[in-house]
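In the UniProt record's numbering, the protein residues as written are 1 to 77.
C-beta atoms are modelled at their ideal positions from N, C-alpha and C, and glycine is treated no differently.
Just below is one structure, and these are the notes that go with it.
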Amino acid sequence: MPTVTSDDIHAARPAVERIARRTPVLSTRTLSDRVGGTLALKAENLQRTGSFKVRGAAAKLDALGVDGRAHGVVAAS
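Next comes the structure, spelled out in structure tokens:
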């Protein structure tokens, strides 16, 4: 599996922002105390789909481009 770079993330951002909701990053003192550090939770359950998967799907479909999507795309989760 190829390594994802910061350039890949920056390239995907516009496509993801068009589709995904901005979700909050939450902190939890109880769990942070248990792990001995700061624990942050990204509330991706607030996406329309209920998960983070819409981000990867948007990025991949954008990366495929019009020609790559021309014959259709099949996805399973």
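Item                                                                                          : Value
Cα-Cα separation, Asp7 to Arg13                                                               : 10 Å
Where Ser77 falls: helix, strand or coil (DSSP)                                               : coil
Under 8 Å between C-beta atoms of Leu39 and Thr28                                             : yes
Cβ-based burial, Arg55 [other Cβ within 10 Å; buried from 16]                                 : buried
Close beta carbons around Ile19, own chain, < 7 Å, minus the five adjacent residues each side : Val54, Ala58
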